[in-house]
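Input: a single structure, listed below in structure tokens.
Protein chains: 2
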Amino acid sequence: MRSHDVPRVRALPMFMNVSEETFARVTGAAHLQKFPANTQLLLEGDNVDFLYVLLDGQVELQGTWNDKETTLTILRPVSTFILAAVVLDANALMGARTIERCDILMISGHSIRQNMAEDPLFGIAVARELAGCYRGLVRTIKNQKLRSGVERLANYILTLRAKTGASDLIHLPHEKRVLAALLGMTPENLSRAFATLQAYGVDVIGADLRICKLRDLERLAKPDPLIDNHAPPAPDIRAEADAEIWAAERIRAGG
Amino acid sequence: MRSHDVPRVRALPMFMNVSEETFARVTGAAHLQKFPANTQLLLEGDNVDFLYVLLDGQVELQGTWNDKETTLTILRPVSTFILAAVVLDANALMGARTIERCDILMISGHSIRQNMAEDPLFGIAVARELAGCYRGLVRTIKNQKLRSGVERLANYILTLRAKTGASDLIHLPHEKRVLAALLGMTPENLSRAFATLQAYGVDVIGADLRICKLRDLERLAKPDPLIDNHAPPAPDIRAEADAEIWAAERIRAGG
DNA sequence: CGCGCATTTGAGGACTGTCAACTTCCGTGG
DNA sequence: CCACGGAAGTTGACAGTCCTCAAATGCGCG
């Protein structure tokens with residue numbers, strides 16, 4: 001691991017409250033690997049030997065069935081993924097593919113499991129991480145089953161806005177076809193959804209959005225803290241516990 | 001806790017490999033409670049103070065938004081639920097409601113968290129349980145996003161068949177409107193889906209099904225071990241590790 | 001027996017996916 | 001610097017799926 005990556009990995013919910021010794025033992029045998037864009041890191045069903053930590057780039061977790069494919073989540077640095085399979089020493093239920101060139105830290109699964117047994121604080125950290133991932137998936141399912149495509153897009157935009165500083169000028173972090181897959185629709189449909197949102201004050205120029213009528217967009221989207229994981233309120237008026245929960249859930253489906 | 005419930009609770013993946021002492025400490029302050037049918041145990045957003053263990057009856061976990069409601073999972077004995085919220089000491093993202101009269105063991109959330117810190121084996125057990133719950137949700141999302149209503153029903157029937165002894169005579173464990181909500185469709189649509197499956201050899205008489213052309217049904221359903229958690233192969237030809245993974249995932253969304 | 005609820009059936013409409021053609025964008029190579 | 005090719009994105013026509021509303025039927029329980 002490069003020295004400037006250490007604090008970034010340590011800052012992960014999974015390592016935040018863990019002792020130096022355990023952190024050193026867990027990451028001791030880890031190795032950093034670079035992958036080009038569009039590389040399949042893991043196929044569904046593959047045995048999982050490593051916990052992956054995305055340090056740079058974007059990774060898509062996907063599911064396939066019957067020649068159809070769907071995007072379950074898109075990860076951005078710094079995120080862990082495939083933790084659930086590592087903890088159970090099981091095979092992967094999701095495939096993983098790089099969207100861009102990526103730097104990924106690979107931590108031995110065996111070392112994760114062993115250190116959980118030796119350091120209860122690390123076991124707790126892993127459990128908390130998994131709990132956060134679980135709750136991210138619950139949000140995803142509610143979003144998927146309860147909202148229409150346009151509603152999902154509207155809420156995606158509002159969430160993105162909140163995460164990137166609440167500015168009314170927003171840059172989409174993914175290609176639109178990738179975004180479409182993430183939102184559970186076809187690229188054609190996403191295009192029409194954007195057109196629909198024009199009536200609610202969303203101007204689209206390429207990958208840049210301008211939100212002109214925030215109130216109207218919110219009235220359509222009806223964001224809900226039990227589905228949408230927006231940025232928490234400012235730190236000084238926020239309880240420590242809330243901060244930790246939010247941090248754990250930040251990674252919407254990393255396990 | 002009633003004495004005859006102890007072995008049932010101990011047999012849960014969460015307590016299977018835990019010492020007597022820890023088990024006693026965790027469940028020491030637990031209390032058994034009976035609830036009538038159609039009782040809201042937990043509203044979305046409620047603070048969660050207890051881990052719930054369903055010992056008898058059926059519980060539905062639901063999500064709501066904008067006056068719409070969806071069923072996320074239906075739990076049958078013996079299952080834990082709301083574990084993720086307990087581990088993070090967070091509020092509930094799902095509501096919980098009894099479908100039938102239920103016996104539920106309520107374990108103090110604080111005692112769960114405390115014992116995770118004191119017994120690493122318990123921490124591991126919790127992490128493994130959460131990992132299994134997480135993987136159950138991954139399966140649910142893939143099922144939801146990649147399959148049509150008829151395909152979901154066909155696979156539901158095949159999974160139910162596998163779980164109840166591979167007989168061609170099957171009894172539905174839920175009312176059809178409940179099943180419809182679970183499969184993510186309206187009761188009307190479920191009715192039509194059953195009608196569609198008649199052409200594939202599924203005869204429906206009330207809550208009883210007869211599968212006449214298993215091969216045809218399977219050709220339609222295309223069951224997939226990476227989505228459908230069927231019963232594992234017979235114990236004698238199965239590795240111990242597989243058995244544990246299956247046990248952990250048995251509860252599809254209990255966290 | 002009769003009421004109430006679950007289930008079924010039918011008609012119509014909203015939403016979403018598919019296919020095809022077109023436009024735009026962008027990097028490559030001349 | 002411009003032309004070109006390919007991929008991404010858009011648009012239109014159409015079909016399939018799913019939902020909504022309404023009415024009819026069936027079933028269980030008081």
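In order, the protein sequences belong to chains A and B.
Read in order, the letters of the first sequence are residues 1 to 255 in our numbering.
Read in order, the letters of the second sequence are residues 1 to 255 in our numbering.
Backbone N, C-alpha and C fix where the C-beta goes; we use that ideal spot for every residue, glycine too.
It should be emphasised that the depicted structure is a prediction, and the values quoted were computed from it without experimental measurement.
7 Å Cβ shell around Tyr-156(A) - same chain, five flanking residues per side excluded:
Leu-183
Among Ile-124(A), Asn-189(A) and Ala-181(A), which one has its Cα closest to the Cα of Ala-84(B)?
With distances taken between Cα atoms, Ala-84(B) lies closest to Ile-124(A).
With 8 Å as the threshold, decide whether the Cβ of Leu-88(B) is near any Cβ in chain A.
Taking a beta-carbon distance threshold of 8 Å, Leu-88(B) counts as an interface residue toward chain A.
If Leu-258(B) and Leu-226(A) are in contact, beta carbons under 8 Å, what's the gap, nearest whole angstrom?
An answer regarding residue 258(B) cannot be provided, because it is not within the stretch 1 to 255 covered by chain B.
From Leu-75(A) to Met-106(B), what distance separates their C-alpha atoms?
36 Å
Which of helix, strand or coil DSSP assigns to Arg-2(A)
coil
For chain B, is any of its Cβ atoms less than 8 Å away from the one on Asn-66(A)?
yes
Beta-carbon proximity list for Leu-169(A), same chain, < 6 Å, skipping 5 on both sides
Within its own chain, the residues whose Cβ lies closer than 6 Å to the Cβ of Leu-169(A), once the five positions on either side in sequence are excluded, are Arg-210, listed in chain order.
Between the stretch 133-146 of chain B and chain A, which residues of the former have CB atoms less than 7 Å from a CB of the latter, in chain order?
Cys-133, Tyr-134, Arg-135, Leu-137, Val-138, Arg-139, Thr-140, Ile-141, Lys-142, Gln-144, Lys-145 and Leu-146
Entirely within the stretch 129-170 of chain B and at least 4 residues each: give me those alpha helix (DSSP H) ranges in chain order.
If only complete runs of 4 or more residues are kept, the stretch 129-170 of chain B shows the alpha helix (DSSP H) at 149-163, in order along the chain.
Using the Cα positions of Lys-213(A) and Gln-198(A), report the straight-line distance between them to the nearest angstrom.
Cα to Cα, the separation comes out at about 10 Å.
Secondary structure of Ala-253(B), DSSP reduced to three states:
Unreliable placement is indicated for Ala-253(B), whose pLDDT of 49 sits below 50; the coordinate value is still reported in the next sentence. Three-state DSSP puts Ala-253(B) in coil, outside helix and strand.
For Ala-181(A) and Gly-95(A), the rounded distance between their alpha carbons:
14 Å
Listed in chain order, which residues of the stretch 92-112 of chain B have Cβ atoms closer than 9 Å to some Cβ of chain A?
Ala-92, Leu-93 and Met-94
For the candidate residues Ala-195(A), Cys-102(A), Asp-89(A) and Ser-79(A), whose alpha-carbon lies nearest to that of Arg-8(A)?
Ser-79(A)
Tell me the rounded alpha-carbon separation between Glu-60(A) and Val-87(B).
27 Å
Can you name the start and end residues of the alpha helix (DSSP H) that Pro-116(B) belongs to?
Contrary to the premise, residue 116(B) reads as Met rather than Pro in this sequence. 109-118 is the extent of the alpha helix (DSSP H) around Met-116(B).
Per-residue DSSP class, three states only, for Met-16(B)
helix
Proximal residues of chain B, C-beta to C-beta of Asp-168(A) below 7 Å:
Neighbours of Asp-168(A) on chain B: none; closest Cβ ~25 Å, over 7 Å.
Helix, strand or coil for Gly-206(A) per DSSP?
coil
Counting only the same chain and skipping the five closest in sequence on each side, list residues whose C-beta sits under 7 Å from that of Gln-62(A).
Glu-69, Thr-70, Thr-71, Leu-72, Met-94, Gly-95 and Arg-97
Leu-43(B): contacting residues in chain A (beta-carbon distance under 7 Å)
Those do not exist, as Leu-43(B) stays about 10 Å from chain A at its closest Cβ, beyond 7 Å.
My guess is that Ala-65(B) and Leu-190(A) are in contact by the Cβ rule of under 8 Å, so how many angstroms apart are they, rounded?
The displayed chain sequence assigns Trp, not Ala, to residue 65(B). Wrong, their Cβ atoms sit about 21 Å apart, outside the cutoff.
Would you mind stating whether Arg-2(B) and Leu-32(B) have Cβ atoms separated by less than 8 Å?
yes
Can a CB atom of chain B be found closer than 8 Å to the CB of Leu-183(A)?
no
Where does Ala-127(B) land, buried or exposed, given buried means 16+ other C-beta within 10 angstroms?
buried
If you drop the 5 nearest sequence neighbours on each side, which residues of the same chain put their C-beta closer than 6 Å to that of Asp-119(B)?
Thr-22
Residue-level contact to chain A via CB, Ile-82(B), 8 Å cutoff
no
Taking Cβ-Cβ distances shorter than 9 Å, what residues in chain A pair up with Glu-20(B)?
Those within 9 Å of Glu-20(B) in chain A number zero; the least Cβ separation is about 18 Å.
Going by DSSP in three states, Thr-196(B) sits in which element: helix, strand or coil?
helix
Please name the residue or residues paired with Met-106(A) in a DSSP beta bridge.
His-31(A) and Tyr-52(A)
Of all the CB atoms in chain A, is at least one closer than 8 Å to the CB of Ile-251(B)?
Because Ile-251(B) sits at a pLDDT of 47, beneath the cut-off of 50, its placement in the model cannot be relied upon, and the following sentence gives the value as read from the coordinates. Answer no: the Cβ-Cβ gap between Ile-251(B) and chain A never drops below 8 Å.
Could you check what DSSP says for Gly-63(B) in three-state terms: helix, strand or coil?
strand
Quick check: is the beta carbon of Ile-74(B) nearer than 8 Å to any beta carbon in chain A?
no
Identity of the residues DSSP links to Asn-91(B) by a beta bridge
Asn-47(B)
Suppose you measure from the CA of Asp-67(B) to the CA of Lys-222(A); what does that come to, to the nearest Å?
11 Å
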